[in-house]
Amino acid sequence: MPDINKVVDDEIALHRIAQARSGDKNDVSDITVFLATAELFEHVEPLLTRERVAEHMAPLATGRIDRYVLPTVWGVKFVLHDALGGGGSSSLRGDNLGKSMAAALLQMTVPGVPAEIAQASHTYNGPKDSSR
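Numbering (UniProt numbering), first residue to last: 1 to 132.
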């Protein structure tokens with residue numbers, strides 16, 4: 001029987017165990033992180049705090065961060081204010097603005113995820129070769 005107390009590493013990047021979508025409106029970016037399983041959601045949701053997201057997303061997001069838990073879809077939504085350099089017409093950033101914020105957040109790491117639970121995620125080993 002696998003040891004559920006064995007962790008993958010001290011920390012694991014979210015992109016190994018989750019997917020995310022993001023969008024923008026004016027100077028606000030919204031990002032929703034979706035965990036792959038209920039067990040991952042149970043372990044990771046408490047670690048996805050406003051404070052950790054603010055630290056990870058600085059200096060891109062400088063304003064208030066709102067957090068919403070979406071348990072029916074194993075998700076956590078963040079609304080980042082003052083996050084897009086003033087918004088589309090004011091920003092010196094590239095055209096994608098908030099669309100790329102999900103990729104930035106998925107680089108954040110979380111500690112203490114049991115190996116058996118992390119490895120059950122379909123994103124754990126990266127994309128599959130579809131040519132086979």
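The C-beta atom is built at its ideal place from N, Cα and C for all residues, glycine as well.
The criterion of a C-beta distance shorter than 8 Å is not satisfied by residue 13 and residue 119. Cβ-Cβ distances below 6 Å link residue 62 to 82 in the same chain, with the five nearest sequence neighbours on each side left out; the list follows chain order. Separation of residue 23 and residue 114 (C-alpha to C-alpha, rounded to the nearest whole angstrom) is 31 Å. Within the UniProt domain "AtuA-like ferredoxin-fold" (12 to 110), the runs of alpha helix (DSSP H) that reach at least 4 residues and sit entirely inside it are, in chain order, 38 to 44, 50 to 57 and 101 to 105. Separation of the CB atoms of residue 36 and residue 121 is rounded to 4 Å, and the pair is thereby assigned contact status at 8 Å.
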